[in-house]
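Residues -6 to 178 in this note's numbering are what the sequence shown lists, from first letter to last. Where is the CB? At the ideal position from N, CA and C, for every residue including glycine.
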Amino acid sequence: MNKINKILLHQYVLFGVLGILIVRTLIGSGFYVDLGLLWWLMGAIIGFLFVFVDSFVFGLLTHPNEVWTDRLKAFFDKRMIKQNIESLLAENQEPKMQIMRSILFLFVWSVLGFLTMTSVVNDFSRGFILGIGTHLVFDFVYDYFYDRHRYDKWFWQIKRELSHEEKRNVLIGVCFVYFVLAMRF
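Right, dumping it as structure tokens:
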């Protein structure tokens, strides 16, 4: 599959998951729609898009002066804005430069998702965490089935080599945790 199809799949997954969760919420509430549902939806979309700026966040944390002066100006250059946005959405950055696409960050997201699910009342925050998780789990599953080299890069912070069966078990565990958390958001 080429990169354009992956971008299209991102949209299908985001709107499919949100659609299913909205229908479940509406059926559970007797088709009562309030402002909280819209805040939740906006948080989920922004959280989903937040993962696309992973390399920018990494650069901002490691080289703040360079990012604010050079990279930001180059990104918003009027002549190149379309190509820069396409490059950002294509996720063609080097996987080792992406902090969010690691198994340890997925573990942190799981803990954060559990704490959000049990303690946070703000609908925007709950949607934001769900959006981040939806994007990360989609990329994790996509890389497992379609890009094995990129899937192996998810484990770059682990010092030993994991077997194929261990990586498959991690995939099953991540999907299970996501499903449980998504049903509670």
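Roughly how many whole angstroms lie between the Cα atoms of residue i and residue j?
i: L155; j: S112; result: 34 Å
i: I39; j: G124; result: 7 Å
i: L7; j: K152; result: 33 Å
i: F171; j: L105; result: Note that residue 171 corresponds to Tyr in the displayed sequence, not to Phe. C-alpha separation (whole angstroms): 12 Å.
i: R119; j: A175; result: 10 Å
i: Y5; j: F41; result: 12 Å
i: V173; j: R17; result: 14 Å
i: L19; j: M110; result: 19 Å
i: L220; j: F24; result: A question about residue 220 goes unanswered here, because the residues of the chain that appear run from -6 up to 178.
i: R143; j: H3; result: 17 Å
Which same chain residues end up closer than 7 Å to residue i when comparing Cβ atoms and leaving out the 5 residues on each side of it in sequence?
i: G29; result: D116
i: K(-1); result: Y135
i: V167; result: L99, V130, F133
Contact defined as beta carbons within less than 8 Å: I believe residue i pairs with residue j. What is the distance between those atoms, to the nearest angstrom?
i: F121; j: G36; result: 4 Å
i: L129; j: V44; result: 6 Å
i: G126; j: W102; result: 6 Å
i: F178; j: L14; result: 7 Å
i: D145; j: Q91; result: The Cβ separation is near 14 Å, so there is no contact.
By Cβ distance, which residues of its chain are closer than 8 Å to residue i, with the 5 residues on each side in sequence left out?
i: L164; result: F133, V134, Y137
i: L31; result: none
Of all the CB atoms in chain C, is at least one closer than 9 Å to the CB of residue i?
i: V167; result: No chain C appears in the structure shown, which is made up of a single protein chain.
| task | Report the residue ranges of all alpha helix (DSSP H) runs contained in full by the segment 116 to 143; include only those spanning at least 4 residues, in chain order. | result | If we require 4 residues or more, the alpha helix (DSSP H) runs fully inside the segment 116 to 143 come out as 116 to 139.
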